[in-house]
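Using the numbering used here, the final residue of the sequence shown is 269, and nothing's skipped along the way. Even glycine gets a Cβ: it sits at the ideal position worked out from N, Cα and C. See below for the structure under consideration.
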Amino acid sequence: MLFFYPIWSLLDLPLEKALEKIKSAGYDGAELAIDPYKTNLDDLQQCFQKHDLLLLAQHPFAKGNSFLEYEKDYSDKLNLIAQMDTVYINCHTGTDYFSFEENLALLTVSQDIAAQSGTLIGHEIHRGRFSFHPKICAAYLETKPDLVLTADFSHWCVVTESLLAPFRKEVQAAINCTAHIHCRVGSDETPQVNDPFAPEHKEALQQHLIWWKEAYSKNREKQQSLLITCEFGPPPYQQCLPYSEMPVSDIWEINKKMKNYLKKELV
């Protein structure tokens, strides 16, 4: 297991300070969304190396007014990120309104870049992307069984308003392709419960743990490390009190507690 901290929940800190805090808490690395057009990639790389942390890059910034514009932006940015020394690139790929063939073309682009660069590239299960629903995602996995996924099942819980009991086959297919998991606990009405260790969320935590254990076992069979980001995030994912906007929980502490919990529960 390799544990990563999601820097998007520490955006109030300069990167240098955030990495210092992450390193001191015992993480192996950090997951960071990168726009290569707005980031000095060499400086970023050196900052991670200085703190002896692995970089898990996230590619969420592709855009375009048409599919062809999106495809070019997606490809160009992914090519630049793939030139970095990253342990993995987690892509937000496509949209839920692109056609099956269009999203499939993007997945082919990413696989070509992975083959050329030697970088492990996966695609996050996420609302609004090609992978937004278990049955829709399963169709892509049937076409491309060698696809690599970042499994964030909290998104599917919200989209299907369930803990995915009707989708066991589709969940298993996703787990079989998973190299990276986002360990955030969702429910049938939210992608992030306020505190996964509160007794009222016991059922959701236990169900997510079942999926994560299976992903860990599958990666052990493949003799590869499972990459884990404990990904509870800030508002609007984090619930806050009305008017005062005071957070109802401490995201840093929850992510750290989840890391320590999984180190015991997954082995």
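Would you mind stating whether residue i and residue j have Cβ atoms separated by less than 8 Å?
i	j	result
W158	L166	yes
C8	E33	Checking the sequence shown, residue 8 turns out to be Pro, not Cys. Going by C-beta atoms, P8 is nearer than 8 Å to E33.
L301	L109	A question about residue 301 goes unanswered here, because the residues of the chain that appear run from 3 up to 269.
I138	F155	no
G28	L56	no
C49	L13	no
D232	K261	Looking at the sequence provided, one finds Cys at residue 232 rather than Asp. It is a contact, given that the beta carbons lie within the stated cut-off.
C93	G124	yes
S11	G188	no
V173	P136	yes
T97	A59	no
C185	I230	yes
Q240	I253	yes
L80	S112	yes
Cα-Cα, which of the options is closest to residue i?
i	options	result
A153	V161, S133, K74 and K52	S133
D114	Y76, T192, C139 and P249	Y76
A107	K137, I36 and L70	L70
L268	T110, G31, N221 and Y239	N221
A175	V187, G188 and W213	W213
K266	F100, L211 and V250	L211
Y99	L15, P16 and R129	R129
L43	E163, A84, E73 and K23	A84
D37	K19, K23, S112 and D78	D78
K40	L15, L82 and H53	L82
S26	L17, S164 and H53	H53
M3	P168, Y218 and A200	Y218
L228	K171, P238, Y90 and S164	Y90
Could you round the C-beta distance between residue i and residue j to whole angstroms and report it? I think they count as a contact, below 8 Å.
i	j	result
I183	E216	Contact doesn't hold; Cβ gap of about 10 Å is too wide.
S251	D197	5 Å
L122	A181	6 Å
M86	Q118	No, M86 and Q118 are not in contact; Cβ-Cβ is about 14 Å, not under 8 Å.
R131	T95	6 Å
L17	K23	Wrong, their Cβ atoms sit about 11 Å apart, outside the cutoff.
Of all the CB atoms in chain D, is at least one closer than 8 Å to the CB of residue i?
i	result
L57	Judged by its chain identifiers, the structure shown contains no chain D, having just a single protein chain.
(message) With a threshold of 8 Å, are at least 3 pairs of Cβ atoms found where one atom belongs to the segment 86 to 105 and the other to the segment 125 to 145?
(response) yes
(message) Measuring CB atoms only, is the segment 221 to 230 touching the segment 193 to 203, in the sense that at least three cross pairs come out at less than 8 Å?
(response) no
(request) Indicate whether the contact test is met: 3 or more Cβ pairs, each with one atom in the segment 4 to 23 and one in the segment 246 to 265, closer than 8 Å. (result) yes
(message) Extract the residue ranges of the beta strand (DSSP E) inside the segment 35 to 119, only unbroken runs of 3 or more that lie entirely within it.
(response) 56 to 61 and 90 to 93
(message) Which runs of the beta strand (DSSP E) at least 3 residues long sit entirely within the segment 129 to 154? Give them in chain order.
(response) 151 to 153
(message) Please give me, in chain order, every unbroken run of the beta strand (DSSP E) with length at least 3 that falls completely inside the segment 169 to 220.
(response) 180 to 184
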